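In what follows, a single structure is set out as C-alpha cells and then discussed.
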Amino acid sequence: MDAIRIRRATPGDCPRLLELVRGLALYEKAPEQVTITPEEFERAGFGPEKVWDCFVAEYQGKTIGFALYYTRFSTWKGRRIYLEDLFVEPKYRGLGAGKLLFEALIGETRRLGFGGMVWQALDWNAPALAFYRRYGASFDNGWVNCSIDIPPAHE
224 MDAIRIRRAT PGDCPRLLEL VRGLALYEKA PEQVTITPEE FERAGFGPEK VWDCFVAEYQ
284 GKTIGFALYY TRFSTWKGRR IYLEDLFVEP KYRGLGAGKL LFEALIGETR RLGFGGMVWQ
344 ALDWNAPALA FYRRYGASFD NGWVNCSIDI PPAHE
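Read left to right, the sequence shown gives residues 224 to 378 (my numbering).
This is how it looks when you write it as C-alpha cells:
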C-alpha cells in the first residue's frame, strides 16, 4: 500500500497548488473568486517578501492536497498560525491526507512556539466541521466575516 507523504511546498508546486485552489473554490461554490495570477501566487510564497507557507500531501507521486498558512498576530493571544486553506481532492479523501496535513500544521505551530492556530470553515461544510471537532476545535458563532476589495490606485 502506498503511503501519503507530507512535505513543504516548493516553487515547482505552484501550478498544481493553483489547480487545487481552483478545485477548492469549485467545492465552495465560488470558482469565479479565484483571481490571483500564477506569478503573484508564486511570488507571495517564494519571493523576497513571501507571506505564505504550505505543506503538500503526495500520494502515488501526485500532489493530492495542501495546507496553506501564514503567521497571524492577535493582540489578545500573540502569534498564531492562520490556516488559509486545507484541501484534499475529493477522490482522495478518506486516505488520511487531511489528518496528516492538519497534524503537520499542529507540529509547525509547536515548532514556531506559537500558542495556537485559527481558521475559518463554511457553516454548511459538515464534513470539515466534523473533522475539526475531532481535534477539539472551538467555533466562534458570534463573529461576522468582513472583507473589502480595493482596486489599485490609478496614477
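We put the CB at the ideal spot given by N, CA and C, even for glycine.
Keep in mind that this is a model prediction, so the values were computed, not measured.
Legend entry - Backbone secondary structure at G321 - three-state DSSP: Here residue 321 refers to the residue found at position 98 when the sequence shown is read from its first residue. Helix.
Inset, instruction - Can you grab the Cα-Cα spacing for the pair A280 / G288, in whole Å? - result: For the purposes of this step, residue 280 is identified with residue 57 of the sequence shown, where counting begins at 1. For the purposes of this step, residue 288 is identified with residue 65 of the sequence shown, where counting begins at 1. Spanning the two alpha carbons is a distance of roughly 5 Å.
Inset, instruction - Tell me where the beta strand (DSSP E) around L309 begins and ends. - result: If you number the sequence shown from 1, residue 309 lands on position 86. Looking at the DSSP string, the run of the beta strand (DSSP E) that includes L309 is 301-311.
Inset, instruction - Determine the extent of the beta strand (DSSP E) in which V341 is found, giving its start and end residues. - result: The residue you call residue 341 lines up with position 118 of the sequence shown. From DSSP, the beta strand (DSSP E) with V341 extends over 340-342.
Inset, instruction - Could you name the residues that DSSP lists as bridge partners for T286? - result: The residue labelled residue 286 in the question sits at position 63 within the sequence shown. Answer is E281, bridged to T286.
Inset, instruction - Have a look at the DSSP bridge pairing and note the partners of A229. - result: Numbered from 1 along the sequence shown, position 6 holds the residue referred to as residue 229. What sits at residue 229 in the sequence shown is Ile, not Ala. In the DSSP output, where bridge partners are listed per residue, I229 has A280.
Legend entry - Opposing strand residues paired with S297 [DSSP bridges]: As a working mapping, residue 297 is identified with position 74 in the sequence shown. In the DSSP output, where bridge partners are listed per residue, S297 has G301.
Inset, instruction - Say whether the region 362-376 touches the region 326-337, bearing in mind that this needs 3 or more beta-carbon pairs closer than 8 Å, one atom from each stretch. - result: no
Legend entry - Cβ pair count under 8 Å reaching 3, the region 302-314 against the region 333-341: yes
Inset, instruction - Pull up the DSSP beta-bridge partners for L291, would you. - result: Here the question's residue 291 lines up with position 68 in the sequence shown. DSSP, once it has assigned bridges, lists C277, D308 as partnering L291.
Legend entry - G257 - DSSP class collapsed to helix/strand/coil: Start at 1 with the first residue of the sequence shown, and residue 257 comes out as number 34. Residue identity differs from the one stated: residue 257 is Val in this sequence, not Gly. Here V257 sits in coil by DSSP.
Legend entry - Separation of R295 from Y315, as counted between CA atoms: Locating residue 315 in the sequence shown gives position 92, where the first residue counts as 1. Locating residue 295 in the sequence shown gives position 72, where the first residue counts as 1. Taking the straight line from one Cα to the other gives about 30 Å.
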